[in-house]
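Below you'll find the structure, written out as structure tokens, and then a few comments.
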Amino acid sequence: SDRQSQLEYLSQTLQTFSVEPLESFEDHQQVLKVIEELVCKLQKEILNKQNITEALYSAQSQIRELETKAERLEDSKHKAEYEAGRFQDKLYEERNKAAYEYKQLKREKDELSKEISKLVSKEQQHITNYKRLETQYNKLRDQMSKTLLDKENIQNHIEVTSVLNKGGVSTESIREDQEFLYYIREGYSKFEKLASEKIQTLSECLNNCLETISEFLKTKDQKVSVAVNLKEDMKDRVNSMLQVFKKEIQKDQPQEDPEFPNHTVPQLKDLLRAYKEQLQQADKIVQQANLIISSN
Numbered sequence: 008s009d010r011q012s013q014l015e016y017l018s019q020t021l022q023t024f025s026v027e028p029l030e031s032f033e034d035h036q037q038v039l040k041v042i043e044e045l046v047c048k049l050q051k052e053i054l055n056k057q058n059i060t061e062a063l064y065s066a067q068s069q070i071r072e073l074e075t076k077a078e079r080l081e082d083s084k085h086k087a088e089y090e091a092g093r094f095q096d097k098l099y100e101e102r103n104k105a106a107y108e109y110k111q112l113k114r115e116k117d118e119l120s121k122e123i124s125k126l127v128s129k130e131q132q133h134i135t136n137y138k139r140l141e142t143q144y145n146k147l148r149d150q151m152s153k154t155l156l157d158k159e160n161i162q163n164h165i166e167v168t169s170v171l172n173k174g175g176v177s178t179e180s181i182r183e184d185q186e187f188l189y190y191i192r193e194g195y196s197k198f199e200k201l202a203s204e205k206i207q208t209l210s211e212c213l214n215n216c217l218e219t220i221s222e223f224l225k226t227k228d229q230k231v232s233v234a235v236n237l238k239e240d241m242k243d244r245v246n247s248m249l250q251v252f253k254k255e256i257q258k259d260q261p262q263e264d265p266e267f268p269n270h271t272v273p274q275l276k277d278l279l280r281a282y283k284e285q286l287q288q289a290d291k292i293v294q295q296a297n298l299i300i301s302s303n
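So the sequence shown is numbered by my numbering: it starts at 8 and just counts up by one.
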């Protein structure tokens with residue numbers, strides 16, 4: 008009975024594994040064959056389970072990787088949405104800025120148009136002033152040339168000095184007879200002042216040179232009296248040269264003109280220099296007018 012119950016249990020167990028039931032335990036070959044088949048099935052099932060487990064683990068790993076990628080993609084999506092929003096805001100700001108700059112440029116263009124109109128008007132005024140100054144310059148040049156070349160016109164001192172009244176010292180309070188002498192005296196005083204300044208400058212330069220020479224001689228272990236003698240010698244030589252120069256001037260001095268004595272020659276030279284300065288001033292006026300027209 009025990010054997011029979013064991014046989015039934017084994018048969019039922021084999022049926023669960025899809026194996027034909029055993030009829031008895033007498034056939035050992037059949038029992039071994041059945042057990043072998045059962046062991047092979049078990050090994051296959053175990054191997055299948057291992058493969059399934061590995062496949063499941065691999066699938067889980069892939070799922071985790073996909074989830075990680077999905078999270079990264081979600082973050083990238085959020086960043087892209089943020090960048091897109093920021094770009095839209097920047098684009099909106101740039102459009103507003105461009106519109107504002109366009110209005111600014113339009114306003115500046117209108118202002119430039121107005122300024123150009125003003126400059127054109129000023130240019131016409133400068134051209135008119137230039138022509139007027141050129142006419143005055145030509146008139147002044149002709150009058151100066153005529154006055155300097157024609158001796159008879161020099162006698163008419165009122166006509167000569169009337170041109171200088173326009174840009175020089177006012178002489179309304181001076182009588183006509185004294186007007187010519189007034190300009191001569193003014194010119195002589197200016198010349199005398201300039202000559203005094205030049206003489207003082209030359210004297211200072213000479214003193215500096217002598218001091219330099221004296222210092223040089225001191226460094227060479229020479230006596231100070233040598234420098235003093237040198238200074239006196241230089242002074243004597245300069246005085247002698249001035250005396251010779253003075254004699255040469257007196258010797259070459261022309262005879263006096265009764266109309267223009269010798270003592271009036273410096274004044275006349277200064278007057279001619281004043282005429283030359285007036286001509287130079289007129290040239291400067293024309294040059295300034297040319298610069299104004301060229302700049303516009």
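Idealized CB from N, CA, C, for every residue including glycine.
(message) Once the 5 residues before and after R102 are set aside, which same chain residues still bring their CB inside 6 Å of it?
(response) The answer is none, since no qualifying residue turns up.
(request) Within its chain, find whatever has a CB closer than 8 Å to the CB of L201; leave out the 5 residues flanking it on each side and keep chain order. (result) Hits under 8 Å: none found.
(message) Using a 10 Å radius around the Cβ and a threshold of 16 neighbouring Cβ atoms, would you call H85 buried or exposed?
(response) It counts as exposed.
(message) Counting C-beta neighbours from all protein chains within 10 Å, is the total for L147 16 or more, i.e. buried, or is it exposed?
(response) Buried, by the Cβ-count rule.
(message) For R79 and E72, what's the separation of their Cα atoms in angstroms?
(response) Their Cα atoms are separated by approximately 10 Å.
(request) Give the straight-line distance between the Cα atoms of L49 and Y89, rounded to the nearest whole angstrom. (result) L49 and Y89 have their alpha carbons spaced roughly 58 Å apart.
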